[in-house]
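*Asks:* Heads up: the sequence shown begins at 1 in UniProt numbering, then just goes up one per residue.
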Amino acid sequence: MAADRIAEPWGARTPYGAGEQWPERTDQFLADGVDPESVDRWAQSAAVLHSNGDGLDIAVKDGRIVGVRGRGADRVNRGRLDPKDLFGWQANASTDRLTTPLVRVEGELRPTDWDDAMQRVVAHSKRLLGDHGPRSIGFYTSGQLFLEEYYTQAVIAHGAIGTNHVDGNTRLCTATAAEALKESFGCDGQPGSYTDVDHADVIALFGHNVAETQTVLWARMLDRLAGGAPPAIVCVDPRTTPVADRATVHLAPLPGTNVALMNALLHEIIRNDWVDHGYVATNTVGYDELQRRVAEFPPERAADICGLDATDIRAAARLLGTAERLLSTVLQGFYQSHQATAASVQVNNIHLIRGMLGRPGCGVLQMNGQPTAENTRECGADGDLSGFRNWANDSHIADLAQLWNLEPQQIPHYAPPTHAMQMFRFAQEGSLKMLWITATNPAVSLPELRRIRDILTQERLFVVVEDIFLTETAELADVVLPAAAWGEKTGTFTNADRTVHLSEKAVEPPGSARSDLDIFLDYARRMDFRDKDNQPLPAWTDAESAFEAWKKCSAGRPCDYSGLSYAKLRGGSGIQWPCNGDNPSGTERLYADGKFWAHPDYCEAYGKDLITGAPLEPTEYRAMNPHGKAIIKAAEYLPAHERPSDDYPFALITGRTVYHFHTRTKTARAPQLQRAAPEVWVEISRADAGRLGVEDGDHVQVCTPRGMITCPARLSAIRDGVVFVPFHYGYWDAPDPRNHHRAGNELTLTDWDPVSKQPIFKTAAARVLPPGPPRPTAREA
Numbered sequence: 001m002a003a004d005r006i007a008e009p010w011g012a013r014t015p016y017g018a019g020e021q022w023p024e025r026t027d028q029f030l031a032d033g034v035d036p037e038s039v040d041r042w043a044q045s046a047a048v049l050h051s052n053g054d055g056l057d058i059a060v061k062d063g064r065i066v067g068v069r070g071r072g073a074d075r076v077n078r079g080r081l082d083p084k085d086l087f088g089w090q091a092n093a094s095t096d097r098l099t100t101p102l103v104r105v106e107g108e109l110r111p112t113d114w115d116d117a118m119q120r121v122v123a124h125s126k127r128l129l130g131d132h133g134p135r136s137i138g139f140y141t142s143g144q145l146f147l148e149e150y151y152t153q154a155v156i157a158h159g160a161i162g163t164n165h166v167d168g169n170t171r172l173c174t175a176t177a178a179e180a181l182k183e184s185f186g187c188d189g190q191p192g193s194y195t196d197v198d199h200a201d202v203i204a205l206f207g208h209n210v211a212e213t214q215t216v217l218w219a220r221m222l223d224r225l226a227g228g229a230p231p232a233i234v235c236v237d238p239r240t241t242p243v244a245d246r247a248t249v250h251l252a253p254l255p256g257t258n259v260a261l262m263n264a265l266l267h268e269i270i271r272n273d274w275v276d277h278g279y280v281a282t283n284t285v286g287y288d289e290l291q292r293r294v295a296e297f298p299p300e301r302a303a304d305i306c307g308l309d310a311t312d313i314r315a316a317a318r319l320l321g322t323a324e325r326l327l328s329t330v331l332q333g334f335y336q337s338h339q340a341t342a343a344s345v346q347v348n349n350i351h352l353i354r355g356m357l358g359r360p361g362c363g364v365l366q367m368n369g370q371p372t373a374e375n376t377r378e379c380g381a382d383g384d385l386s387g388f389r390n391w392a393n394d395s396h397i398a399d400l401a402q403l404w405n406l407e408p409q410q411i412p413h414y415a416p417p418t419h420a421m422q423m424f425r426f427a428q429e430g431s432l433k434m435l436w437i438t439a440t441n442p443a444v445s446l447p448e449l450r451r452i453r454d455i456l457t458q459e460r461l462f463v464v465v466e467d468i469f470l471t472e473t474a475e476l477a478d479v480v481l482p483a484a485a486w487g488e489k490t491g492t493f494t495n496a497d498r499t500v501h502l503s504e505k506a507v508e509p510p511g512s513a514r515s516d517l518d519i520f521l522d523y524a525r526r527m528d529f530r531d532k533d534n535q536p537l538p539a540w541t542d543a544e545s546a547f548e549a550w551k552k553c554s555a556g557r558p559c560d561y562s563g564l565s566y567a568k569l570r571g572g573s574g575i576q577w578p579c580n581g582d583n584p585s586g587t588e589r590l591y592a593d594g595k596f597w598a599h600p601d602y603c604e605a606y607g608k609d610l611i612t613g614a615p616l617e618p619t620e621y622r623a624m625n626p627h628g629k630a631i632i633k634a635a636e637y638l639p640a641h642e643r644p645s646d647d648y649p650f651a652l653i654t655g656r657t658v659y660h661f662h663t664r665t666k667t668a669r670a671p672q673l674q675r676a677a678p679e680v681w682v683e684i685s686r687a688d689a690g691r692l693g694v695e696d697g698d699h700v701q702v703c704t705p706r707g708m709i710t711c712p713a714r715l716s717a718i719r720d721g722v723v724f725v726p727f728h729y730g731y732w733d734a735p736d737p738r739n740h741h742r743a744g745n746e747l748t749l750t751d752w753d754p755v756s757k758q759p760i761f762k763t764a765a766a767r768v769l770p771p772g773p774p775r776p777t778a779r780e781a
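1) Going by DSSP, what residue range makes up the alpha helix (DSSP H) through Leu225?
2) To the nearest whole angstrom, what separates the beta carbons of Leu172 and Pro759, a pair I think is in contact under 8 Å?
3) State the Cα-Cα distance for the pair Thr372 and Gly690, rounded to the nearest angstrom.
4) What number of angstroms, rounded off, separates the C-alpha of Ala59 from the C-alpha of Glu508?
5) If you follow the beta strand (DSSP E) that Ser386 is part of, which residue opens it and which one closes it?
6) Hey, which unbroken runs of the beta strand (DSSP E) at 3 residues or more fall wholly within the segment 9-58?
7) Report, in whole angstroms, the separation of the C-beta atoms of Cys703 and Leu769, which I expect to be a contact under 8 Å.
8) Hey, Leu98 and Asp27: beta-carbon distance below 8 Å or not?
9) Ignore the nearest five residues each way along the sequence and tell me which others in residue 794's own chain have a CB closer than 8 Å to its CB.
10) So is Arg460 buried or exposed if we call it buried at 16+ other beta carbons inside 10 Å?
11) With a cut-off of 8 Å on the beta carbons, I'd call His662 and His728 a contact; round off their distance for me.
12) Would you mind stating whether Gly189 and Leu590 have Cβ atoms separated by less than 8 Å?
13) Whose C-beta lies closer than 6 Å to the C-beta of Ala781 among residues of the same chain, with five residues either side of it excluded?
14) In the DSSP assignment, the alpha helix (DSSP H) including Cys235 goes from what residue to what residue?
15) Which residues does DSSP pair with Asp188 in a beta bridge?
16) Give the secondary structure of Ile350 by DSSP, where H, G and I count as helix, E and B as strand, and everything else as coil.
17) CB-CB under 7 Å to Leu502, same chain, minus the five flanking residues each way: which ones, in chain order?
18) Expressed to the nearest angstrom, what Euclidean distance is found between the alpha-carbon atoms of Ala420 and Ser38?
19) Within its chain, find whatever has a CB closer than 7 Å to the CB of Glu472; leave out the 5 residues flanking it on each side and keep chain order.
20) Bridge partners for Pro242 per DSSP, in chain order?
21) For Glu268, report the span of its alpha helix (DSSP H) as first-last.
22) I'd like to confirm the pairing. Which residues does DSSP put opposite Val202 in its beta bridges?
23) List the residues that DSSP assigns as beta-bridge partners of Trp752.
24) From Glu296 to Gly563, what does the alpha carbon distance come to, in whole angstroms?
25) Quick check on DSSP: helix, strand or coil for Ile468?
26) Decide if Ala483 is buried, meaning its Cβ has at least 16 other Cβ atoms within 10 Å, or exposed.
27) With three or more C-beta pairs closer than 8 Å as the rule, is the segment 570-582 touching the segment 548-560?
28) Might you give, ordered along the chain, the residues of its own chain that have their beta carbon closer than 8 Å to the beta carbon of Leu406, omitting 5 neighbours on each side?
29) Classify Asp62 as buried or exposed, calling it buried when 16 or more other Cβ atoms lie within 10 Å of its own Cβ.
30) Which stretch, first to last residue, makes up the alpha helix (DSSP H) that contains Pro299?
31) Based on Cα-Cα distance, which residue from Met356, Asp288, Gly33 and Ala734 lies nearest to Gly192?
32) Could you check the C-alpha separation between Lys757 and Val34 for me, to the nearest Å?
33) Round the Cβ separation of Asn209 and Lys629 to the nearest angstrom and send it over; I've been treating them as touching at under 8 Å.
34) Check whether the segment 347-362 touches the segment 259-275, taking contact to mean three or more Cβ pairs, one atom from each stretch, closer than 8 Å.
35) Consult DSSP for Ala781 and reduce its assignment to one of helix, strand or coil.
36) Just the Cα atoms here: how many angstroms apart are Gly707 and Arg453?
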């Protein structure tokens, strides 16, 4: 590998111009002493440490993984790989992999065999179902399993057990993406495509530090910037990120004020009549209400609320309003902030009033944070039902019941599937008595960690953890099930622009570890789940038969996979859904014909009030949108619930670094990535640091009303009054394993967006204490 991909995460430039194809550049990293010619075979797969979905091949030698290379033919990455993918595969061979089940005996986790571990889970499940019913059991999954595993889990939970308590850690990163798409288009599904980067003349990134979260997508943007007719860049982020450094206009609003800013941008677009009135009249409802709402937000008002210059707001609005081909992306800066859905919907509104959908360069990407978050939503392993079916539409429930051969009343639809934050509240209160956690680490990733630890250690809560390492969460479990990792099983997964990839099994899992699919099917057989004809439920037995079952579930729905197969996905590029008889090669962009999946009989959701989150009744939705047009939804700005004060004068935001993924379960076990970012830090502006007497590298305390961490300070160009802490750092590799004082989520608050139910990680009030003895606040004195 010619370039140092730690120092240069995006690699070398391959410039190209507007409308041209992105050139190939094949990235590769092999273990020391291994050259490409000595590799026994290459197994097809895709990236699993971010949501970009980069196609890659896994190098296998002597029965073990020895490296990876990019797939040059793949539409997503054209051969490039993220540093996390180049090096992260080394975690598979880590010596501390879980290789045998563990059960808690006399307060300690002890090794056992699969029969004992599964019998404990089954016995507890049957006892709870008999004594308390299906609502006593909940499932909390991940954004990192395969489609086949999510669908199996959804059938077991929603169908066989009949519990409504099913969600994923996608609630933390992508729930707002799904909700914003439902609110505007009646259904989930990304309208845009990564190839829109190749055509856009303006690219706007709203709370999306793409340079660190999806490095290959940023490399694509950098190559456009290096070529002819480069696009203008609009960046909305309170930090000065690599994106902000390359931006034509950088807006750095105070955290919690995104709706005020978006209303001002829309105000200027409408005031200057940069509106496609024909498109709006033909394809949308709700424009008049938007016009009235944003009239209240001239740039000067938003500038005062957001701490911005009105001139910069106007400059950004001009770029958005006069672009001929506008691509917008949205991520955690909007999704994990106050009024998350309301702000994200306003991005959709820009595209709707400008008619910027369905054409090359004209699209919205409400991004995902995880590699298979799209599958979690499609399959119904989170707060949705399988196949983007509407829980409030009885015909959709009947359709699902027919597919699963169950009575409709067996599938819970008295309310939306329970979101994760509510599930943990039910566990805290005692009504949820068993929680099965798969491939995620809530003891590091959820907000207000002291509370989460208290919940998970309750004696009345039976915790099952299915993972590849003994994570901070697994250490608290009653039963730990060792799972096969990526590269050790076969399945499909779908990225943020709907591209489906096949991942082939490259090597055997260690010890007695099993794939998540095999674990779920084993549980179903031991529980003796049956459909109404007394046949086993689920009916499938392996990954490919599960995929074929999923194709039947998705057929005729927006996420239609019926034209795909394992054979079709082998070799070449990933393929975008919908892929069916009408679109046998997949579908690059949605809504090109101005037709939306929003008809009352077909839509996935009837929408919610953007302030309260209250769901609309079917009759309300039908009256508002009888013909299934796109929905322009206005939003009122409200101040954040927790704001800076005299005692806590900073706004705290948490987020990611380019070298780690989530709670570092894999990336901390890759030497190159761990050396690049071994410890937590706090980013603070130079002016704020000067006032506090803090110098670069000083160890400081960051405190909120919920907790404290100790970490070195990094002085940067982040806006004054804001501090940033990466959330990745748990305790397993700390010098003292009892040290809780480096996890960013010790500081965050238990609060969530009323519409998407996504936790708010970006509007906590904090103080920073410089080196020396802690100084009491006025309240504590």
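C-beta: ideal position from N, C-alpha, C; glycine also.
*Replies:* Looking at the coordinates:
1) Thr215 to Ala226
2) 6 Å
3) 43 Å
4) 14 Å
5) Note, Ser386: premise wrong, no beta strand (DSSP E); not H, not E.
6) 28-30 and 41-46
7) 7 Å
8) no
9) Given that the chain is displayed from residue 1 to residue 781, the structure contains no residue 794 and the question cannot be resolved.
10) exposed
11) 7 Å
12) yes
13) With a pLDDT of 35 at Ala781, under the threshold of 50, the modelled position of that residue is not reliable, and the figure given next carries that caveat. Around Ala781: no qualifying Cβ.
14) Careful: Cys235 lies outside any alpha helix (DSSP H), inside the beta strand (DSSP E) at Ala232 to Val236.
15) DSSP output for Asp188 lists no bridge partner at all.
16) helix
17) Gln44, Thr492, Tyr566, Leu569 and Arg570
18) 47 Å
19) Asn441, Ala443, Val444, Gly730, Tyr731 and Trp732
20) Answer is none; Pro242 lacks a bridge partner.
21) Asn258 to Arg271
22) Ala232 and Leu326
23) Pro759
24) 48 Å
25) coil
26) buried
27) yes
28) Gly159, Asp531, Lys532 and Leu537
29) exposed
30) Pro299 to Cys306
31) Met356
32) 47 Å
33) Going by Cβ atoms, the distance from Asn209 to Lys629 rounds to 33 Å, so no, they are not a contact pair.
34) yes
35) Low local confidence applies: a pLDDT of 35 at Ala781 is under 50, so the model's placement there is unreliable, and no value is given.
36) 13 Å
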